[in-house]
Amino acid sequence: MVAAYLREIGIDYLLVPGRADGRETLEDIRKELLECRGCPLCAGRRTVVFGVGNPRARLMFVGEGPGAEEDRQGEPFVGAAGKRLNQWIARLGLRREDVYIANIVKCRPPENRAPLPEEAASCLPYLKRQIRAIRPEAICTLGAVALQYLLGTGEKITRVRGTWRELDGIPVLPTYHPAFILRNQPRETEVFTDFDLLAERLHLK
92 MVAAYLREIG IDYLLVPGRA DGRETLEDIR KELLECRGCP LCAGRRTVVF GVGNPRARLM
152 FVGEGPGAEE DRQGEPFVGA AGKRLNQWIA RLGLRREDVY IANIVKCRPP ENRAPLPEEA
212 ASCLPYLKRQ IRAIRPEAIC TLGAVALQYL LGTGEKITRV RGTWRELDGI PVLPTYHPAF
272 ILRNQPRETE VFTDFDLLAE RLHLK
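Letter by letter, the sequence shown follows residues 92 to 296 in the working numbering.
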């Protein structure tokens, strides 16, 4: 309705403050998210864990949700799992600052449980807006929860890791969550294989 009216009066698109091309910025989304009360997780959070990294990243990682340390620091993947993820990123010849890292939900679920479907449903539109703002060339989902909610599939991570999927035209590669690998070290060789696929797709190293 609004778009049709704008076209009638000769306006093809509306510029959004912060970008010359009209696309909203990550900062636009972050400011809105700071006020979010869309699900009960907001009641227990210390801070919104929005995301971190290069706003023009070619590669984006999506995890499950913030834990206790992430909730304290306001940044995703800062604990032991984050250190392991940093090591994987380095295998690509990249630094943490070169990629973008976000989660399905932006507030910590109590007792570090997995996000409930209604919590993910409330937060997922923000994540998809982040993806549209960044326009990565590839996305890597970390763990079963990120795979399930971002791609809307019930497939098991053990069956689909290392196989390319697609989200709105963007290639998506599922792999294991670093926290899982910390508990199952022998499976890390599978992650290395998956990261070789990322390197090949993005012409890295």
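Each residue gets a CB set at the ideal place from its N, CA and C atoms; glycine is no exception.
The DSSP-derived three-state label of Asn-145 is coil. Between the beta-carbon of Ile-120 and that of Gln-221 there is about 6 Å, and that keeps the pair under the 8 Å contact cut.
For Arg-147, the closest alpha carbon among the candidates Leu-132, Leu-176 and Thr-116 is that of Thr-116.
Scanning its chain for C-beta atoms nearer than 8 Å, with the 5 sequence neighbours on each side dropped, one finds around Pro-227 the residues Ala-148, Arg-149, Leu-150, Met-151, Tyr-191 and Ile-261, in chain order. Taking the Cα positions, Thr-284 is about 19 Å away from Ala-172. Counting along the chain, Pro-208 sits inside no beta strand (DSSP E); it lies in the alpha helix (DSSP H) bounded by residues 208-225. By the C-beta density criterion, Trp-179 is buried, having at least 16 other C-beta atoms within 10 angstroms.
Note that the C-beta distance between Asp-162 and Val-196 is not below 8 Å.
The continuous stretches of alpha helix (DSSP H) do not include Glu-115, and DSSP gives it neither H nor E.
It is roughly 32 Å from the alpha-carbon of Pro-208 to the alpha-carbon of Leu-293. Boundaries for Ala-290: no beta strand (DSSP E) harbours it, while the alpha helix (DSSP H) harbouring it runs 279-293, taken from the DSSP string. Within the same chain, and ignoring the five residues on either side of Ala-211 in sequence, the residues whose Cβ sits closer than 7 Å to its Cβ are Ile-195, Val-196 and Tyr-240.
Tyr-191: member of the beta strand (DSSP E) spanning 191-194, first to last residue.
Counted as a single uninterrupted DSSP element, the stretch harbouring Arg-250 is not any beta strand (DSSP E) but the alpha helix (DSSP H) occupying residues 248-251. In this structure, the beta-carbon distance from Val-236 to Ala-205 falls below 8 Å. Your pair Glu-118 and Asn-145 does not check out as a contact, with CB atoms roughly 14 Å apart and the cut at 8 Å. A straight line joining the alpha-carbon of Gln-276 with that of Leu-233 spans about 16 Å. Shown here, Cys-130 sits in coil according to DSSP, grouped into three states, outside any helix or strand.
Between Leu-258 and Leu-242, the CB-CB gap stays under 8 Å. Cβ atoms of Pro-265 and Val-251 come within 8 Å of each other, at about 5 Å.
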